[in-house]
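Residues -3 to 163 (our numbering) are what the sequence shown spells out, left to right.
Below is one structure; the comments refer to it alone.
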Amino acid sequence: PWPSWPTAALAPWPSWPTAALAATVLAATVAGVRHERRAADPILPPRLFRRRGLTVACATSFLVGAVMFGGVIYLPQYLQVVRGHDATAAGLLMLPQVGTMIVASAVSGRLISRTGRWKVFPVVGCALVTAGAVLLSPLAPDTPGWWLAGAMAVLGAGTGLTQQVLV
């Protein structure tokens, strides 16, 4: 079984399946970078990564996206499997994350257009994404609903603030 939160009892973090998966990811990354460097017409030309701004934006987008999609995929499963909600209720319980993401994205976009200042939004957004992920990390079957909603709102606000600049 591949290691994931639902199968943590079958393949805990310090186990051979986890190590094999990490080694596979590392090998695939190295192979992909080597291939792109030698390709006549690369999909993502390596010379682009000489520009620090692009490298930082790509790395930040990857990390924020990983947390966001991790939440969008994991949290509905948590709400259904652990908390016993049906799919509709789980979707509705995701509204704090989605709602704050929409509001933060719209507000930050308007503020950027009005002021021309954009650097503060991804910095604050990344801080909020980190805070939201930390707040969501101790989820248990008895985690209070207000805690879950608040943590999801923080995660959503952070994601919304980063998307106007990074996307």
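Cβ atoms here follow ideal geometry from the backbone N, Cα and C, with glycine treated the same way.
- By the CB criterion at 8 Å, residue 156 and residue 69 fall outside the cutoff.
- Residue 97 sits in a helix when the DSSP states are folded into three classes.
- As the crow flies, the alpha-carbon of residue 152 is around 5 Å from that of residue 96.
- The C-beta of residue 51 has fewer than 16 other C-beta atoms within 10 Å across all chains shown, which makes the residue exposed.
- Its chain contains 125 and 129 as the residues whose beta carbon lies nearer than 6 Å to that of residue 63, once the 5 sequence neighbours on both sides are disregarded; these appear in chain order.
- Within 10 angstroms of the beta-carbon of residue 89 lie 16 or more other beta-carbons, which makes it buried.
- For the pair residue 134 and residue 46, the Cα-to-Cα distance works out to about 39 Å.
- Taking C-beta atoms under 8 Å as the contact rule, residue 160 and residue 108 qualify, at a distance of about 6 Å.
- Around the C-beta of residue 117, 16 or more other C-beta atoms lie within 10 Å, and the residue is accordingly described as buried.
- Under the three-state reduction of DSSP output, residue 47 falls in the coil class, being neither helix nor strand.
- Residue 131 and residue 142 have their alpha carbons spaced roughly 12 Å apart.
- Per the C-alpha coordinates, the member of 72, 74, 105 and 36 positioned closest to residue 121 is 105.
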